[in-house]
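Novice:
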Amino acid sequence: MTAKLHFRRFEFKYLLTAEQEFEIKRHIRRYVAADAFAAPYGGAYKVYSLYYDSPRYYYYWQKMDGVNRRKKIRLRTYRYDGKFYPYAFLEIKRKVDAIILKDRMLIDRTECERLVTESDMSGSKFFTDGNGEVYAEFESERMTRSISPKILVVYDREPYLGK
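Under the working numbering, think of the first position of the sequence shown as 515, with each following residue one higher.
Okay, structure coming up:
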């Protein structure tokens, strides 16, 4: 399967109890199937997201203040069946009212450490193959807001698609 690099969707998140989760899954199971990426691994996989922010947590405070037009910048990869995906994604996720827009670029995992630890990525091939816009915005944010990795979030994802 090829990785999708641009998204536009509505996204709603809810806090649920374990009982509510069980009931929702019971009610929807005849209408949904495990996402094709997750199906070979029992229907779930781990998501690893390294979030970037400014020294004063500009993006975090935008979220907490309920700003309608905001963004997140993160480096994301996945773990299936105990093995990491061979690539990671540098993602810029924007929220415009209720619409989520996400642009991302594929990065070879060997380049991830360099992206996190080095300020000069010149000479790297990963941002020259059609990734120029995402990388240029990342660099712009890195220079103007002094963004750097701040927090690693890891969770299990159990994705579904309508039948």
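Even for Gly, the Cβ is constructed at its ideal location relative to N, Cα and C.
Counting only C-beta atoms, is PHE524 closer than 9 Å to chain B at any point?
Specialist: Protein chains in the displayed structure number just one, and chain B is not present.
Novice: Could you pull the start and end residues of the alpha helix (DSSP H) that THR658 belongs to?
Specialist: Residues 646 to 659.
Novice: So ARG590 packs on TYR562, CB below 8 Å; how close in whole Å?
Specialist: With 8 Å as the limit, ARG590 and TYR562 qualify as a contact, their Cβ atoms being about 7 Å apart.
Novice: May I ask you to report which of helix, strand or coil DSSP gives ALA532?
Specialist: Correct three-state label for ALA532: helix.
Novice: Which same chain residues end up closer than 7 Å to ASP567 when comparing Cβ atoms and leaving out the 5 residues on each side of it in sequence?
Specialist: So the qualifying residues of the chain are TYR573, TYR574, ILE661 and LYS664.
Novice: Over what stretch of residues does the alpha helix (DSSP H) that includes VAL630 continue unbroken?
Specialist: VAL630 -> alpha helix (DSSP H) spans 623 to 631.
Novice: Is ARG583 buried or exposed, if buried means 16 or more other CB atoms sit within 10 Å of its CB?
Specialist: ARG583 comes out exposed.
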